[in-house]
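Visitor:
In this note's numbering, the protein residues as written are 26 to 188.
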């Protein structure tokens, strides 16, 4: 019997300016409402946040200035897709070039985790590095090249970055 799986996702974006700049004021104003949509979305399980009062506190986590990290867990690729492309998130996503630098390397990664597990940010950064180095596979993939949870569940334990 296969272990029930959830989908972890990490998105790393490089801001065009400091988070408290006038250039990003509109984006910052949209963070709380969009996060609230995610929190209520069907299939949402968890997201990284340091404070219920200030959504901008999830910005650095020791990974550098002008970096925005979005890190969450969903019950399926479809649930994350629906939030990303079929909710109030989409108009904000369409404006991303106003607020974020365009990157040549992957900035988003997904992978399957056992249900009930909360991944670490270090694991997410490792998965993103794996995607950059090796391309998509069952242990690190994107919407463009998704993998089924059964493919990840059948991987040998060595494929897991958690030690």
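Every residue gets a Cβ at the ideal spot worked out from N, C-alpha and C, and that includes glycine.
Do you know offhand how far residue 118's Cα is from residue 168's?
Guide: Cα to Cα, the separation comes out at about 15 Å.
Visitor: The beta strand (DSSP E) with residue 139 in it runs from where to where?
Guide: Here the beta strand (DSSP E) through residue 139 covers 133-139.
Visitor: Under the rule that 16 or more other beta-carbon atoms within 10 Å means buried, what is residue 110, buried or exposed?
Guide: Exposed, since its Cβ has fewer than 16 Cβ neighbours within 10 Å.
Visitor: Return the chain-ordered list of same chain residues with a C-beta closer than 6 Å to the C-beta of residue 97, the five sequence neighbours on each side being excluded.
Guide: 34 and 72.
Visitor: Whole angstroms is fine: what's the gap from residue 102's alpha carbon to residue 46's?
Guide: Rounded to whole angstroms, residue 102 to residue 46 spans 34 Å at the Cα level.
Visitor: Go through the stretch 86-134 residue by residue and report every complete run of the beta strand (DSSP E) that reaches 3 residues or more, in order.
Guide: DSSP runs (the beta strand (DSSP E)) wholly in the stretch 86-134: 92-99.
Visitor: Along the chain, where does the beta strand (DSSP E) that runs through residue 72 open and close?
Guide: It spans 69-72 - the beta strand (DSSP E) in which residue 72 sits, taken as one unbroken run.
Visitor: Under three-state DSSP, which class holds residue 147?
Guide: It is helical.
Visitor: Would you be able to state if there are at least three C-beta pairs under 8 Å between the stretch 58-70 and the stretch 144-164?
Guide: Verdict: no, contact absent.
Visitor: At the level of alpha carbons, what is the spacing between residue 152 and residue 145?
Guide: Going by the C-alpha atoms only, they are around 11 Å apart.
Visitor: Let's see if you can read the secondary structure: which residues bound the alpha helix (DSSP H) around residue 142?
Guide: Where residue 142 is concerned, there is no enclosing alpha helix (DSSP H), given that its DSSP letter is neither H nor E.
Visitor: Taking the beta carbon of residue 83 as the centre, do at least 16 other beta carbons fall within 10 Å, making it buried, or is it exposed?
Guide: Note on residue 83: pLDDT 46, under 50, position unreliable in the model; no value is reported.
Visitor: Put residue 160 into one of helix, strand or coil per three-state DSSP.
Guide: Three-state result, residue 160: coil.
Visitor: Less than 8 Å separating the beta-carbons of residue 40 and residue 125?
Guide: Result yes, Cβ atoms of residue 40 and residue 125 sit closer than 8 Å.
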